[in-house]
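Quick notes on the structure that follows.
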Amino acid sequence: MSSLLATLQATSRIGEPNAVAMGFFFLFIATTLGITFWAARRTRTTEHFYAAGRTISPGQNGVALAGDYMSAASFLGIAGLVSTTGFDGLIYSTGWLVGWPVVLFLIAEPLRNLGRYTFADVVAVRLQQTPVRIAAAVGTLATVSLYLIAQMVGAGGLIRLMFGMSYETAIVIVGLAMIAYVLFGGMLATTWVQIVKAVLLLGGAALLTILVLARFGWSPVALFSAAAEKYGEGVLAPGRLVSNPLDAISLGLALMFGTAGLPHILMRFYTVPDAKAARTSVFYATGLIGAFYLMTFVLGFGAMVLVGPEAIRGVEPGGNMAAPLLAEFLGGTPLLGFIAAVAFATILAVVAGLTLSGAAALSHDLWVSVVRREKADAKEQLRVARVATVGLGILGVVLGITFKGQNVAFMVGLAFAIAASANFPALVLSIFWRRYTTAGAVTSMVLGTASTLLLIYFSPTLQIDVLKHAEAWFPLRNPALVTMPLSFLSGILVSLLWPRPTESAGFDSVSRRMHLGQEVQPSASSLQPSAEA
Amino acid sequence: MVDAGFAARLATVAAARWRVAIVLTVAMIALYFGFILLIAYAPSLLARRLLPGLSLGILLGALVIVASWVLTWVYVRWANTHYDSALAKLGE
Numbered sequence: 442m443s444s445l446l447a448t449l450q451a452t453s454r455i456g457e458p459n460a461v462a463m464g465f466f467f468l469f470i471a472t473t474l475g476i477t478f479w480a481a482r483r484t485r486t487t488e489h490f491y492a493a494g495r496t497i498s499p500g501q502n503g504v505a506l507a508g509d510y511m512s513a514a515s516f517l518g519i520a521g522l523v524s525t526t527g528f529d530g531l532i533y534s535t536g537w538l539v540g541w542p543v544v545l546f547l548i549a550e551p552l553r554n555l556g557r558y559t560f561a562d563v564v565a566v567r568l569q570q571t572p573v574r575i576a577a578a579v580g581t582l583a584t585v586s587l588y589l590i591a592q593m594v595g596a597g598g599l600i601r602l603m604f605g606m607s608y609e610t611a612i613v614i615v616g617l618a619m620i621a622y623v624l625f626g627g628m629l630a631t632t633w634v635q636i637v638k639a640v641l642l643l644g645g646a647a648l649l650t651i652l653v654l655a656r657f658g659w660s661p662v663a664l665f666s667a668a669a670e671k672y673g674e675g676v677l678a679p680g681r682l683v684s685n686p687l688d689a690i691s692l693g694l695a696l697m698f699g700t701a702g703l704p705h706i707l708m709r710f711y712t713v714p715d716a717k718a719a720r721t722s723v724f725y726a727t728g729l730i731g732a733f734y735l736m737t738f739v740l741g742f743g744a745m746v747l748v749g750p751e752a753i754r755g756v757e758p759g760g761n762m763a764a765p766l767l768a769e770f771l772g773g774t775p776l777l778g779f780i781a782a783v784a785f786a787t788i789l790a791v792v793a794g795l796t797l798s799g800a801a802a803l804s805h806d807l808w809v810s811v812v813r814r815e816k817a818d819a820k821e822q823l824r825v826a827r828v829a830t831v832g833l834g835i836l837g838v839v840l841g842i843t844f845k846g847q848n849v850a851f852m853v854g855l856a857f858a859i860a861a862s863a864n865f866p867a868l869v870l871s872i873f874w875r876r877y878t879t880a881g882a883v884t885s886m887v888l889g890t891a892s893t894l895l896l897i898y899f900s901p902t903l904q905i906d907v908l909k910h911a912e913a914w915f916p917l918r919n920p921a922l923v924t925m926p927l928s929f930l931s932g933i934l935v936s937l938l939w940p941r942p943t944e945s946a947g948f949d950s951v952s953r954r955m956h957l958g959q960e961v962q963p964s965a966s967s968l969q970p971s972a973e974a
Numbered sequence: 108m109v110d111a112g113f114a115a116r117l118a119t120v121a122a123a124r125w126r127v128a129i130v131l132t133v134a135m136i137a138l139y140f141g142f143i144l145l146i147a148y149a150p151s152l153l154a155r156r157l158l159p160g161l162s163l164g165i166l167l168g169a170l171v172i173v174a175s176w177v178l179t180w181v182y183v184r185w186a187n188t189h190y191d192s193a194l195a196k197l198g199e
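Chains as they are written, first to last, in the working numbering: chain A, 442 to 974; chain B, 108 to 199.
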């Protein structure tokens, strides 16, 4: 096996400057900057900057949602995990999808009808603005920065591995491109960058899937069978990855409910004209994302059979190069270059979406609502949003370089855990529960964020994997099993102990708006005589 | 501000909408955590071979994804036909 490994390493052109990769990469940058230039002329107000003027169609938003959500971690990471562990990797393929139906059933339509730019708009709608917005901004910024660090560090490493560029150069290029998209083109440019990226990623994955299946008589079962023949029947069955059932449930909670609390995903529902369009867009997104994760079954097992787990780990111990290596095996350097460029585009698009949602929390929630108490004029609002974008972009680059070489894989799980334990409970309780109060909302968001950060610190993820201690005080690798119920219960308890009848009284008009939308004025409908009366 | 009949009819539509949402959410939770619990507590059941190359675990994993599609389709279909028309009739 080691001789095979040596030949593979000798023949793989991964890590060398690759003309095709460079070509596709510059084509992507040129196209997306062209889109940004076009979008910049249409971005004149905060309504445009944060919500693309609410002109995005359900189909476009569905593809853009898929683009925002499918990160390089899911493309390279899951393909790598399946190619090296088999069935265990597929647990992630399903876990990353199952939050989407929850987004559809509980969140998308009320969010579109109740808010303007951020999820804090919804939580604060009948509560006190200042404390709720500060707490929501803390949850948003914690989620966004952790996700951003994970993406940036991943980007630097990947680009170095695939293009032979230095880590710092790669981070700075990613930072500059994302600042350009968001600063000049706002949500309109960001949406189209997501659409281009989603089409490239789905197209690239579909092409690889077709090329793999062509070698196995178009039968995935024949492919799995070949994997079992080569590496044992164990690759088709649960292995050691899920050794602790509570760990598996806790991670499952974070993935399922964290999706419904990710600020950059929630923000996308404001870009469509109405609640029905929001509903339709999640339906399309679920279809595309599900199709993508089904393809990871074929890509992962394809890489396992055609490239081999040892060779994949030999190039990069985490297995992240499985999909690029598979591409090189199937289509030589040109296909490798294409897939490398797709991976780069994927990272760029995700960080642009994150930056925009972080900028909205800073400028719309903190500056305009808390500091200026809604007294900022339209010009100032847009200026602050742009300053926040540049600030966050620079912060992303600095954090990316600071965390160079660190194990940051846990940060994605942590971002999902905070989203599930701070943002999601506050959102659900404010939508569904009449007696939810300001103090309850602040408690659930602050306690959710703080307890997640604290328990992650004491978990095996940080104590054993990162800090290399022998044991960890808290047993679960992902804390959502504890922190999500804690956030719900503390919010409910505080609201019940200190009821606020005036805040609860606002629930009727909120409920009306939640179903009918902001455009329908209650007074207008009351003018029409009721058929029953 | 709003007449009582309108408010009562809206409350009925809202209750139906949340009933559907909660039933579907619980179905999704049951499907996914059922799969996770099988992985955790019955790995040998999932290792069972249905065909050469197809274990029960792989089939169920793919079915969880398909079930997510089906549930979102059920909701969108219900909302497009029943919920939207009920909302449209509120003002009549």
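Positions of the beta carbon are idealized from the N, C-alpha and C atoms, including for glycine.
Please compile the residues from chain A whose C-beta is within a distance smaller than 7 Å of the C-beta of residue i.
i: Ala121(B); result: Ser952, His956
i: Ala128(B); result: Phe546, Leu547
i: Ala137(B); result: In chain order: nothing, as chain A lies at least about 11 Å away.
i: Ser175(B); result: Leu538, Val539, Trp541, Pro542, Thr727, Gly731
i: Ala195(B); result: Simply none; closest approach about 10 Å.
i: Thr188(B); result: What Thr188(B) touches in chain A: nothing, since even the nearest Cβ is about 12 Å away.
I want to verify the contact list: residues of chain B whose CB lies under 9 Å from the CB of residue i, in sequence order.
i: Thr830(A); result: Correct list: empty, because the minimum Cβ distance to chain B is about 33 Å.
i: Arg656(A); result: Under the 9 Å cutoff, chain B gives no residues; its nearest Cβ is about 14 Å from Arg656(A).
i: Tyr734(A); result: Ile172
i: Phe779(A); result: Neighbours of Phe779(A) on chain B: none; closest Cβ ~26 Å, over 9 Å.
Whose Cβ in chain B lies nearer than 8 Å to the Cβ of residue i?
i: Ser534(A); result: Gly168, Ile172
i: Thr721(A); result: Val183
i: Phe857(A); result: In chain order: nothing, as chain B lies at least about 15 Å away.
Is it right to say residue i is buried, meaning 16 or more other beta carbons lie within 10 angstroms of its own, or is it exposed?
i: Ser607(A); result: exposed
i: Ser892(A); result: buried
i: Thr843(A); result: exposed
i: Leu977(A); result: Any question about residue 977(A) goes unanswered here, given that chain A covers just 442 to 974.
i: Val133(B); result: exposed
i: Gln592(A); result: buried
i: Tyr148(B); result: exposed
i: Leu158(B); result: exposed
i: Val585(A); result: buried
i: Trp537(A); result: buried
i: Lys717(A); result: buried
i: Ala115(B); result: exposed
i: Trp914(A); result: exposed
i: Pro920(A); result: buried
i: Gln822(A); result: buried
i: Lys638(A); result: buried
Compute the distance between the beta-carbons of residue i and residue j, then report whether it is under 8 Å.
i: Pro940(A); j: Thr878(A); result: yes
i: Phe779(A); j: Val504(A); result: no
i: Thr796(A); j: Ser862(A); result: no
i: Gly841(A); j: Ile532(A); result: no
i: Tyr139(B); j: Val523(A); result: no
i: Val831(A); j: Ile620(A); result: yes
i: Lys845(A); j: Gly518(A); result: no
i: Trp953(A); j: Leu117(B); result: Note that residue 953(A) is Arg in the sequence shown, not Trp. Result yes, Cβ atoms of Arg953(A) and Leu117(B) sit closer than 8 Å.
i: Leu642(A); j: Phe516(A); result: yes
i: Ile575(A); j: Val828(A); result: no
i: Thr727(A); j: Trp176(B); result: yes
i: Thr631(A); j: Gly799(A); result: no
i: Ala646(A); j: Phe738(A); result: no
In chain B, which residues lie with their C-beta within 7 Å of the C-beta of residue i?
i: Ser862(A); result: By Cβ distance, chain B contributes nothing, its closest Cβ being about 17 Å from Ser862(A), past 7 Å.
i: Lys717(A); result: Asp191
i: Met697(A); result: Tyr139
i: Ser928(A); result: Ordered by position in chain B, no residue passes the 7 Å Cβ test against Ser928(A), which lies about 17 Å from the chain.
i: Lys666(A); result: In the sequence under discussion, the amino acid at residue 666(A) is Ser, which differs from the Lys named in the question. Here the neighbours are Pro159, Gly160.
i: Ala678(A); result: Pro150, Leu153, Ala154, Ser162, Gly164
Just curious, the alpha helix (DSSP H) that residue i is in, first and last residue?
i: Leu138(B); result: 111-148
i: Leu158(B); result: No alpha helix (DSSP H) holds Leu158(B); the beta strand (DSSP E) holding it covers 156-158.
i: Tyr182(B); result: 163-185
i: Pro866(A); result: 865-873
i: Leu194(B); result: 191-196
i: Trp541(A); result: 540-543
So is the beta-carbon of residue i under 7 Å away from any non-hydrogen atom of the ligand FAD?
i: Leu692(A); result: Judged by which ligands are present, the structure shown has none, so any question about the ligand FAD falls away.
* Just list the alpha helix (DSSP H) runs in the region 904-960 of chain A, keeping only unbroken ones of 4 residues or longer that don't cross its boundaries, in chain order. => Listed in chain order, the alpha helix (DSSP H) runs fully inside the region 904-960 of chain A are 921-938, 942-946, 948-957, counting runs of at least 4 residues.
* Whole runs of the alpha helix (DSSP H) within the region 472-513 of chain A, excluding any shorter than 4 residues -> As summarised for the region 472-513 of chain A, the continuous alpha helix (DSSP H) elements at least 4 residues long and confined to that stretch are 487-492, 499-510, given in chain order.
* In chain order, each alpha helix (DSSP H) run of at least 4 residues that lies wholly inside the region 580-666 of chain A -> Runs of alpha helix (DSSP H) with 4 or more residues, each lying fully within the region 580-666 of chain A, are found at 608-655, listed in chain order.
* Which ranges would you report for the alpha helix (DSSP H) in the region 744-822 of chain A if only whole runs of at least 4 residues count? -> Listed in chain order, they are 750-756, 763-801.
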